[in-house]
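Peer 1:
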Amino acid sequence: MRSPILDYLDTLIAETDHIVGGAPADYIPELAAADPDTVAVALCTVNGTVYASGDAEHHFSIQSMSKPFAYALAIEDHGLDGIREKIGVEPSGEAFNELSLDPETGRPRNPMINAGAIATHALIGSEHEPALGRVLDFFGRLTGREVQLDQAVADSELATADRNLGLAYLLHAAGQLAGDPQESVTGYIRQCAASVTVSDLALMAATLANGGIQPRTGERLLCRESTRQLLSVMATCGMYDAAGDWLTSVGIPAKSGVAGGIIGVLPGQVGVAVFSPRLDGHGNSVRGVEMMQRLSDDLGLHLM
Ligand code: DON
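In case it helps, full-length UniProt numbering puts the sequence shown at residues 1 to 304.
(1) Run through DSSP, which three-state label would ILE113 get?
(2) Apply the 10 Å Cβ neighbour rule to SER285 and answer buried if 16 or more other Cβ atoms are within range, or exposed otherwise.
(3) Kindly indicate which three-state DSSP category SER3 falls into: helix, strand or coil?
(4) Could you check what DSSP says for GLY271 in three-state terms: helix, strand or coil?
(5) DSSP state of VAL20, grouped into three classes?
(6) Can you check whether the CB of LEU12 is closer than 8 Å to the CB of VAL258?
(7) Taking the alpha carbon of PHE96 as the reference point, which residue from ASP241, LEU303, HIS302, ARG287 has its own alpha carbon closest?
(8) Take GLN63 and list the residues in its own chain whose beta-carbon comes closer than 6 Å to its own, dropping the five residues that flank it on each side.
(9) What are the boundary residues of the beta strand (DSSP E) that LEU279 is part of?
(10) Using CA coordinates, which residue listed in VAL270, LEU266, ASP297, GLY261 is at the minimum distance from PRO36?
(11) Rounded to whole angstroms, what is the Cα-Cα separation between VAL89 and ASP102?
(12) Could you tell me the distance, in whole angstroms, from the CA atom of LEU158 to the CA atom of HIS121?
(13) So for GLY244, helix, strand or coil by DSSP?
(14) Look at GLY48 and ALA168 and say whether their C-beta atoms are less than 8 Å apart.
(15) Can you grab the Cα-Cα spacing for the pair LEU99 / ALA115, in whole Å?
(16) Tell me the residue span of the alpha helix (DSSP H) that contains ILE263.
(17) Suppose you measure from the CA of LYS255 to the CA of ALA152; what does that come to, to the nearest Å?
(18) Decide if PRO4 is buried, meaning its Cβ has at least 16 other Cβ atoms within 10 Å, or exposed.
(19) Beta strand (DSSP E) containing TYR51: first to last residue?
(20) Please confirm whether any heavy atom of the ligand DON lies closer than 7 Å to the CB of GLU157.
Structure below.
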């Protein structure tokens with residue numbers, strides 16, 4: 001028998017079909033070429049059952065949804081105290097591509113904005129295990145399959161990376177970047193170009209909901225401490241300068257990506273992922289936000 005959850009997800013897609021506001025990201029040419037009507041949603045329970053609807057096999061780049069997972073790896077390498085010394089945890093209230101350094105400490109405000117994520121990427125890995133390989137291997141364990149780079153997206157973003165390079169050089173000048181600016185941005189942009197589906201993302205989110213244990217393989221991929229840390233930062237900073245609106249209305253830790261994906265995590269219960277490429281002024285998917293709002297209302301996901 002077909003699951004009622006799948007019927008619900010089909011209805012969610014049908015009922016948000018009229019939402020055509022916003023536009024695909026245009027500062028990365030390859031993303032501007034996305035079919036704006038592609039849409040998908042997936043949900044994964046903490047026992048590893050995935051329900052998906054819409055263009056569920058469509059691959060797109062993970063973009064900023066990679067940031068919380070890279071942050072977890074950096075915590076693993078440097079410890080929580082070590083990372084807190086280098087990257088802040090305060091919402092910036094500014095756009096994701098602003099420099100947003102803490103005036104007192106000089107640290108990037110948080111690991112979800114680009115400046116914080118470039119600094120985070122530079123803190124991962126070692127001579128023997130470069131950061132990008134480490135991140136992709138981690139994505140592979142989280143999704144249970146080998147995750148590839150979307151080379152066209154990576155090349156397109158690398159060719160138009162002036163702003164991120166500018167951020168990296170400013171971080172470096174402020175003594176806040178552990179690596180070479182050019183190399184750090186190249187690695188970070190490749191990290192953002194990892195190619196995933198909504199089902200992959202729902203499983204990644206469900207691993208966070210499950211306290212860091214991948215629900216299908218049973219492998220512990222994150223310790224409880226880093227899971228708690230990254231979920232807290234997702235809750236306060238994951239939706240950038242729309243984070244307050246998001247937490248009060250949708251009410252779950254979440255992270256968006258500029259290709260049009262959003263992941264949401266309800267601890268102990270479920271991981272959710274949506275995809276639709278048209279973005280609002282904050283860089284969050286317009287239809288994706290609406291689908292998440294409805295999921296939260298219909299399934300009672302709001303934490304408070
Ligand atoms: O660095 C960038 O601008 C992109 N690779 C990622 C930005 C992003 O996904 C913002 N989120 N909505």
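C-beta atoms are modelled at their ideal positions from N, C-alpha and C, and glycine is treated no differently.
Peer 2: Taking the coordinates as given:
(1) As a working mapping, residue 113 is identified with position 113 in the sequence shown. The answer is coil: DSSP assigns ILE113 none of H, G, I, E or B.
(2) Taking the first residue of the sequence shown as 1, we reach residue 285 at position 285. Per the 10 Å Cβ criterion, buried.
(3) The count along the sequence shown starts at 1 and reaches residue 3 at position 3. In the structure shown, SER3 sits in coil (DSSP, three-state: anything other than H, G, I, E or B).
(4) Along the sequence shown, one-based indexing puts residue 271 at 271. Strand.
(5) Within the sequence shown, the letter at position 20 stands for residue 20. VAL20: coil per DSSP, three-state reduction.
(6) Within the sequence shown, the letter at position 258 stands for residue 258. Within the sequence shown, the letter at position 12 stands for residue 12. In this structure, LEU12 does not lie closer than 8 Å to VAL258 by Cβ.
(7) Taking the first residue of the sequence shown as 1, we reach residue 96 at position 96. Comparing Cα positions, the closest option is ASP241.
(8) Residue mapping note: residue 63 aligns to position 63 of the sequence shown, counting from 1. Non-local C-beta neighbours of GLN63 in its own chain, meaning closer than 6 Å and more than five positions away in sequence, comprise CYS192, GLY257, VAL258, ALA259, ordered along the chain.
(9) Within the sequence shown, residue 279 is the residue found at index 279, counting from 1. Per DSSP, LEU279 belongs to no beta strand (DSSP E) and is neither H nor E.
(10) Locating residue 36 in the sequence shown gives position 36, where the first residue counts as 1. The option with the nearest alpha carbon to PRO36 is GLY261.
(11) Taking the first residue of the sequence shown as 1, we reach residue 89 at position 89. Taking the first residue of the sequence shown as 1, we reach residue 102 at position 102. C-alpha separation (whole angstroms): 10 Å.
(12) Counted from its first residue, the sequence shown places residue 158 at position 158. Counted from its first residue, the sequence shown places residue 121 at position 121. Taking the straight line joining both Cα atoms gives about 16 Å.
(13) Position 244 of the sequence shown holds residue 244. Helix at GLY244.
(14) For the purposes of this step, residue 48 is taken as residue 48 along the sequence shown, with counting starting at 1. For the purposes of this step, residue 168 is taken as residue 168 along the sequence shown, with counting starting at 1. Between GLY48 and ALA168, the C-beta spacing is not below 8 Å.
(15) To locate residue 99, count along the sequence shown from 1; it is residue 99. To locate residue 115, count along the sequence shown from 1; it is residue 115. Taking the straight line joining both Cα atoms gives about 6 Å.
(16) Along the sequence shown, one-based indexing puts residue 263 at 263. Counting along the chain, ILE263 falls outside any alpha helix (DSSP H), though it belongs to the beta strand (DSSP E) covering 261-266.
(17) For the purposes of this step, residue 255 is taken as residue 255 along the sequence shown, with counting starting at 1. For the purposes of this step, residue 152 is taken as residue 152 along the sequence shown, with counting starting at 1. If I take the Cα positions, the gap works out to 23 Å.
(18) The sequence position of residue 4 within the sequence shown is 4, counting from 1. Looking at its Cβ environment, which holds fewer than 16 other Cβ atoms inside 10 Å, PRO4 is exposed.
(19) Translated into positions along the sequence shown, residue 51 becomes position 51. Unbroken beta strand (DSSP E) run through TYR51: 50-54.
(20) By one-based count along the sequence shown, residue 157 stands at place 157. For the ligand DON, at least one heavy atom lies less than 7 Å from the Cβ of GLU157.
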